[in-house]
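Take a look at the structure below.
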Amino acid sequence: MRLTGRDRLFLFAPLALLLAGWLVLPALLGLLATFSTYSPFATSVQFSGLANYAAVVRDPLFVAAARNVAVFTLVAVPLELVIGFSVAYLLRRPFQGRAALRVLLLLPWLVSPIASGVMWHFLFGGATGIVDFVLGWLGRPDVPSPLGDIRLALPAVIAVEVWRMAPFVTFLVLPSLASIPTERWEEATLSGASWTGRVRHVAIPAVRPLLLTITMLLTGLSLGTFDAVLILTGGGPGTATVTPALYSYNRAFGVNDWPVGATSGWLIAAAVLGAGLIYVRLSRTKVAG
Amino acid sequence: MAVTLLAFLLPLLWTALASLGVLPDNSSRPPSWRGSASLDHFAEVGIAEPAFWQELVTSVLTAACAAAIAVGAGFLAAYGLARAPFRSSRVVTQGFLVLASLPAMAYVIPLSDLMRRVHLLDTFAAVVLSEAAATAPLAVFVLHGAVAQLAPEWEEAAVLDGAGLFRVIGRVVLPLVAPSVVATAIVLFVLDWNMLLVPLVLTSGEIKTIPLGLSDFFTFERELDWPTAAAALIVSLAPVAVLAGIFHRVLNRFALDLRTGA
Chain R
0 MRLTGRDRLF
10 LFAPLALLLA
20 GWLVLPALLG
30 LLATFSTYSP
40 FATSVQFSGL
50 ANYAAVVRDP
60 LFVAAARNVA
70 VFTLVAVPLE
80 LVIGFSVAYL
90 LRRPFQGRAA
100 LRVLLLLPWL
110 VSPIASGVMW
120 HFLFGGATGI
130 VDFVLGWLGR
140 PDVPSPLGDI
150 RLALPAVIAV
160 EVWRMAPFVT
170 FLVLPSLASI
180 PTERWEEATL
190 SGASWTGRVR
200 HVAIPAVRPL
210 LLTITMLLTG
220 LSLGTFDAVL
230 ILTGGGPGTA
240 TVTPALYSYN
250 RAFGVNDWPV
260 GATSGWLIAA
270 AVLGAGLIYV
280 RLSRTKVAG
Chain Z
0 MAVTLLAFLL
10 PLLWTALASL
20 GVLPDNSSRP
30 PSWRGSASLD
40 HFAEVGIAEP
50 AFWQELVTSV
60 LTAACAAAIA
70 VGAGFLAAYG
80 LARAPFRSSR
90 VVTQGFLVLA
100 SLPAMAYVIP
110 LSDLMRRVHL
120 LDTFAAVVLS
130 EAAATAPLAV
140 FVLHGAVAQL
150 APEWEEAAVL
160 DGAGLFRVIG
170 RVVLPLVAPS
180 VVATAIVLFV
190 LDWNMLLVPL
200 VLTSGEIKTI
210 PLGLSDFFTF
220 ERELDWPTAA
230 AALIVSLAPV
240 AVLAGIFHRV
250 LNRFALDLRT
260 GA
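As you go down the protein sequences, you meet chains R and Z in turn. Note that numbering that gives the first Met the number 0 has the first sequence beginning at 0, numbered continuously upward. Note that numbering that gives the first Met the number 0 has the second sequence beginning at 0, numbered continuously upward.
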């Protein structure tokens, strides 16, 4: 239908008001503040150029956090996509109980990162944990929790996040894979395509835009990793699992170094917006091609 | 395949057993089980964290209000975008997805300052509106996809019958996309239910949601008993699990496919 100006006001005003007041305005005010000495309790505010940014990138703790989150994103996101897609691929043909199974697969995602942190703290732990139980059955000696090991803490945190998000990817991808007409699979099989050929030429093209969208969401989630490590390791041991979000929070609310906290928060935003530009560009090539 | 499914569900099964008091005994060889099932640990949750049941109510209220506001505002804007004549509506929609991917940490520090200045700190309204704003972009993206799939002929027929915008949306569009709207509301409810950072920086204990309560009693009482913690986890998971179970057919309609608009 043809929308009048008043119609448009009615349609867009609520969202505009909500986003402007509780997202865009704070974000932009925050950006402005990063170029100054502003802090909520400062008596005077001065323009300080890029001094806050220099302070952040020179801080070894932030460098460690940036490195951790880069590893986290580059390992966790592909694993979540591959495992999530694979399980969906295996479930693509209808069978009795598939709908129920799909909801069961949603369960890990329903657990909040905080709750999953509490849970895995105990599951990785000694006396009542799942890891030592399995090792005991295999006749192996108990191992100390990987969360306390400087080399294993980050892989353990990544594994927990993959456990939480991969089934959610399956949940999102399954309807699209299941809706591919049977003839397409048969055609591919008849023309002699191997299973890798069927994945590449039948499955992937059908879900490519969807995978791109999921990748964007998972990337943003990974770059902002905060509650997933807060309980599990608190950033430790040492700096092994500290993330930029944890760093920002501790700076702004822990030690009251507001400008540095707000600035590193904005660096997270910059990374996500950069990923967003790539996402929009990649979506466009699909249309042209 | 069965192995993968087991790997995903076993940790939760382990937790459920622990909440009932059935614990593994890792010191014996081979490991064995001890304890008999009882519901005592669920009662202990209220003793270890006296405010836990109050937090449960607060969580339901904030998540429900935030999801309702976000889906409402998001749906109207998604409809406007899908039926807008301008050609860049696709890029705008993708922009909403990028905004949906933006971690809250990117802007909550100045947000908490802003809320303090307008005297909304520690209020229900600030938590609800901030959570709604954080999740509304995702609602716009998903619902834009749902509306864009509708053939505009239905609406045009209603307009010819003299219907205005309200009637077109209420009588024609909404009934057709209702499953998508409900599915989006459920997903947003879960996101709000599990959100930590927004209530964490906007309140100082007045408005306490479940994740905040869990993180508190875990940070300050390291010696927390595992069966009690497990019981708290199961209680915090139950409402969203039941919701997902009831609406599992509708949840099929939560689609992130980027469909080309009209």
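We treat Cβ as the ideally placed atom computed from N, Cα and C, and that holds for glycine. As the structure is a computational prediction, the values presented were derived from the model and not from experiment.
Check, Outcome
"Contact set between L173(Z) and chain R, taken where Cβ atoms lie within less than 8 Å", "Ordered by position in chain R, no residue passes the 8 Å Cβ test against L173(Z), which lies about 13 Å from the chain."
"Any non-hydrogen atom of the ligand FMN closer than 7 Å to L75(Z) Cβ", "Among the components of this structure there are no ligands whatsoever, and the ligand FMN is therefore not found."
"Segments assigned alpha helix (DSSP H), at least 4 residues, entirely inside the segment 192 to 256 of chain R", "194 to 197, 203 to 222, 226 to 229 and 243 to 248"
"The segment 143 to 158 of chain R contacting the segment 235 to 252 of chain R, beta-carbon criterion three pairs below 8 Å", "yes"
"Inter-stretch contact (C-beta, 8 Å, three-pair minimum) for the segment 28 to 36 of chain R and the segment 217 to 228 of chain R", "no"
"Cutoff 8 Å: V241(Z) Cβ touching any chain R Cβ", "no"
"Other residues of its chain near A114(Z): CB distance less than 7 Å, five sequence neighbours each side excluded", "Ala is not the amino acid found at residue 114(Z); the sequence shown has Met there. Cβ neighbours of M114(Z) beyond the five flanking positions: L120, A125 and L201."
"In chain order, each beta strand (DSSP E) run of at least 3 residues that lies wholly inside the segment 8 to 35 of chain Z", "22 to 24 and 31 to 33"
"C-beta neighbour in chain R for F262(Z), strict 8 Å", "Residue 262(Z) is absent from the model: chain Z starts at 0 and stops at 261."
"Sequence-distant residues of its chain with Cβ nearer than 7 Å to M206(R) (five each side left out)", "Note on identity: in this sequence residue 206(R) is Val, with Met being the wrong assignment. So the qualifying residues of the chain are V172, S175 and L176."
"Own chain residues within Cβ distance below 7 Å of N51(R), not counting five before or after", "T33, P258, V259 and T262"
"Contact list for D224(Z) against chain R, beta-carbon separation under 7 Å", "Within chain R, no residue comes near D224(Z); the closest Cβ sits about 10 Å away, beyond 7 Å."
"Buried/exposed call for W194(R), threshold 16 Cβ in 10 Å", "exposed"
"Minimum Cβ-Cβ distance from T14(Z) to chain R less than 8 Å", "yes"
"Best match in A135(Z), P178(Z), E154(Z) and A182(Z) for proximity to R170(Z) [C-alpha to C-alpha]", "E154(Z)"
"Per-residue DSSP class, three states only, for F46(R)", "strand"
"Run of the alpha helix (DSSP H) containing D58(R), from where it starts to where it stops", "Looking at the DSSP string, D58(R) is not in any alpha helix (DSSP H), and its letter there is neither H nor E."
"Minimum Cβ-Cβ distance from S43(R) to chain Z less than 8 Å", "no"
"8 Å contact criterion, which L195(Z) and D226(R) should meet: CB distance rounded", "4 Å"
"For S115(R), the three-state DSSP class (helix, strand or coil)", "helix"
"Presumed contact (8 Å Cβ cut-off) between T224(R) and A244(R), rounded CB distance", "6 Å"
"Rounded straight-line distance, which links the Cα of L159(Z) to that of L55(Z)", "49 Å"
"Check whether T61(Z) and T183(Z) have beta carbons under 8 Å apart", "no"
"Which listed residue (G275(R), V23(R), L18(R) and R163(R)) has its alpha carbon closest to that of W108(R)", "R163(R)"
"Cβ pair count under 8 Å reaching 3, the segment 171 to 180 of chain Z against the segment 140 to 149 of chain Z", "yes"
"CB contact below 8 Å: H247(Z) versus chain R", "yes"
"DSSP state of S214(Z) mapped onto helix, strand, coil", "helix"
"Partners in chain Z for S35(R), counting only beta-carbon separations shorter than 9 Å", "Within chain Z, no residue comes near S35(R); the closest Cβ sits about 12 Å away, beyond 9 Å."
"Span separating the alpha-carbon of G83(R) from that of V168(R)", "5 Å"
"Contacts of S235(Z) in chain R (Cβ-Cβ under 8 Å)", "S111 and A114"
"Minimum Cβ-Cβ distance from F252(R) to chain Z less than 8 Å", "yes"
"Touching by the beta-carbon criterion (3+ pairs, under 8 Å), the segment 224 to 233 of chain Z and the segment 68 to 77 of chain Z", "no"
"S35(R) - partner residues in DSSP beta bridges", "F46(R)"
"As assigned by DSSP and simplified to three states, the class of N193(Z)", "coil"
"Limits of the alpha helix (DSSP H) - the one that G73(Z) falls within", "F51 to A81"
"F217(Z) and I157(R) closer than 8 Å at C-beta", "no"
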